[in-house]
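Chains as they are written, first to last, in the working numbering: chain A, 711 to 879; chain B, 711 to 879. Cβ coordinates follow ideal geometry from the N, Cα and C atoms, glycine included. Heads up, the thing below is written out as structure tokens.
Protein chains: 2
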Amino acid sequence: MKSGSSHGHVSHADAHASERVAAMLRDLKEAGLKATPQRVAVIETFANDPTHPTAQELFDRLRERFPAMSFATVYNTLDALASAGLASTLRLGTAARFDPNTTPHHHAVCDRCGAVNDIPTESMAPTDDAKRHLASAAPGFVVRAEERIFRGICGECGALVSRGERKLS
Amino acid sequence: MKSGSSHGHVSHADAHASERVAAMLRDLKEAGLKATPQRVAVIETFANDPTHPTAQELFDRLRERFPAMSFATVYNTLDALASAGLASTLRLGTAARFDPNTTPHHHAVCDRCGAVNDIPTESMAPTDDAKRHLASAAPGFVVRAEERIFRGICGECGALVSRGERKLS
DNA sequence: GTTGCCATTTAGAAAGTTTCTACGTAGGCT
DNA sequence: AGCCTACGTAGAAACTTTCTAAATGGCAAC
């Protein structure tokens, strides 16, 4: 993260990023959680990252600024954020991935490069078809949330493959 | 397991179960994989299990019949089955869960008891709405498969909660 | 039926991820 | 400023998955 907010200069893009960080810090306090330096650092590192980082990735980046930070703090903080509704957990492979985007959305995962993209959707409500099948297969089930994962090949990898390049798998 | 559909008689359950095992063994051979005793045991244990067992759960059960079986064999076999299209992997928590049902379907996961139910759906195709959002958020992405996970409270847990009982997480 | 190849199994180690414990620290309210 | 308690740290522990080397055995070919 080279465009982090620790620099003095604030560009237009960083302005939005700062807003998001500020909003998360505000929500953090409203949830009754303490704004410790470590949590502020996690939020600054995490809030505007669209790559769905793993705990390890966040830990590696945070350590550059906080050499003393422990792995448990990363998990504790992410759990705290998730409990407060400021983040969500996504389990796609062996390691969990975390998402600062709490607006309703789905995910597109590339089979080739592993990239995870957010797919915004206005309505997360199940279709009538889905509701019907849900009702008959799991009677009485009350839906709290729905996750959708699209698996396939992303545009970039599709272009590489069509050019005959085969770097991975 | 209540079927809720217009057909499906319990009296034929065993017959259907045997058929399914036979079909999986046939498909296994057609995929060029050897029908070892361990694989046959995994298939017999796994083919008709609707609970989406973890590798640990399958291993525990298999060990009763095959005390010498190693954990790696369970993973190897499940991977082989998945490669041959006879099973699929579902990652919901820390441990992967496996599903012998390869017909297109979704999953309903209970927040309280953790039960996983299959939700059959005729069409797995994304809605026009989803396609539109997918195209703009991930240009060029080609969908191979779509997974949906409904999270909520299952009928059983809902009934318990409404009676004021709180047995577990 | 025998032989031989090679996929597969096994035990164990290793790698990787997540959770837990004990204790020291410090945030933030009064 | 002082207190209470939530929080952070280090490290261990628990758990899941993958890997390695060596032995085994399924099954095709003869």
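CB contact check: residue i to chain A, cutoff 8 Å
{"i": "B/Glu767", "result": "no"}
{"i": "B/Phe851", "result": "yes"}
{"i": "B/Leu791", "result": "no"}
{"i": "B/Ile753", "result": "no"}
{"i": "B/Asn758", "result": "no"}
{"i": "B/Ala835", "result": "no"}
Segment limits, alpha helix (DSSP H) that includes residue i
{"i": "A/Ser833", "result": "Run containing A/Ser833: none; DSSP gives neither H nor E here."}
{"i": "A/Arg775", "result": "765-775"}
{"i": "B/Phe781", "result": "781-793"}
{"i": "B/Ala696", "result": "For residue 696 of chain B there is no data in the structure shown, the boundaries of chain B being 711 and 879."}
Three-state secondary structure assigned by DSSP to residue i
{"i": "B/Leu800", "result": "strand"}
{"i": "A/Phe851", "result": "coil"}
{"i": "A/Asp809", "result": "strand"}
{"i": "B/Arg861", "result": "strand"}
{"i": "A/Asp737", "result": "helix"}
{"i": "B/Asp828", "result": "strand"}
{"i": "A/Ala778", "result": "coil"}
Nearest candidate by alpha-carbon position, reference residue i, set the options
{"i": "A/Val826", "options": "A/Gly803, A/Ser846, A/Tyr785, A/Ala847", "result": "A/Gly803"}
{"i": "A/Gly865", "options": "A/Gly824, A/Ala847, A/Leu844", "result": "A/Gly824"}
{"i": "A/Ala887", "options": "B/Val871, B/Ile859, B/Ala818", "result": "As shown, chain A starts at 711 and ends at 879. That puts residue 887 of chain A outside it, with no answer to give."}
{"i": "A/Phe860", "options": "A/Ala778, A/Asp839, A/Cys820, A/Gly868", "result": "A/Cys820"}
{"i": "A/Thr831", "options": "A/Arg842, A/Thr812, A/Leu738, A/Ala733", "result": "A/Thr812"}
{"i": "B/Pro760", "options": "B/Asn786, B/Arg730, B/Pro777", "result": "B/Arg730"}
{"i": "A/Ser793", "options": "A/Ser833, A/Pro763, A/Glu754, A/Phe808", "result": "A/Phe808"}
{"i": "A/Thr755", "options": "A/Gly868, A/Ala805, A/Ala727", "result": "A/Ala727"}
{"i": "A/Gly795", "options": "A/Glu740, A/Pro763, A/Ser872", "result": "A/Glu740"}
{"i": "A/Ala790", "options": "A/Asp737, A/Cys867, A/Gly868", "result": "A/Asp737"}
{"i": "B/Gly862", "options": "A/Cys867, A/Glu856, A/Gly862, A/Ile863", "result": "A/Glu856"}
{"i": "B/Asp839", "options": "A/Met834, A/Lys841, A/Arg842", "result": "A/Met834"}
{"i": "B/His762", "options": "B/Arg801, B/Gly868, B/Arg842", "result": "B/Arg801"}
{"i": "B/Arg822", "options": "B/Asp724, B/Val871, B/Leu735, B/Ala733", "result": "B/Val871"}
Contact set for residue i: own chain, Cβ-Cβ below 8 Å, skip 5 residues either direction
{"i": "A/Leu844", "result": "Pro836, Phe851, Val853"}
{"i": "B/Val784", "result": "Val752, Ala765, Leu768, Phe769, Leu772"}
Residue-level contact to chain B via CB, residue i, 8 Å cutoff
{"i": "A/Leu844", "result": "yes"}
{"i": "A/Pro810", "result": "no"}
{"i": "A/Ser860", "result": "The displayed chain sequence assigns Phe, not Ser, to residue 860 of chain A. So yes, A/Phe860 belongs to the interface."}
{"i": "A/Cys864", "result": "yes"}
{"i": "A/Leu870", "result": "no"}
{"i": "A/Pro747", "result": "no"}
{"i": "A/Asn786", "result": "no"}
Residue i beta carbon near the ligand ADP (any heavy atom closer than 7 Å)
{"i": "A/Thr799", "result": "Ligands in the displayed structure: none, and consequently the ligand ADP is not present."}
Where the beta strand (DSSP E) containing residue i begins and where it ends
{"i": "B/His762", "result": "Note, B/His762: premise wrong, no beta strand (DSSP E); not H, not E."}
{"i": "A/Cys820", "result": "815-820"}
Close Cβ partners of residue i (< 6 Å) along its chain, the five nearest in sequence each way excluded
{"i": "B/Ser713", "result": "For B/Ser713, the predicted model reports a pLDDT of 38, less than 50, meaning its position is unreliable; a value from the coordinates is still stated below. Within the same chain, B/Ser713 has no close Cβ partners at all."}
{"i": "B/Thr746", "result": "none"}
Close beta carbons around residue i, own chain, < 7 Å, minus the five adjacent residues each side
{"i": "A/Thr787", "result": "Gln748, Arg749, Val752"}
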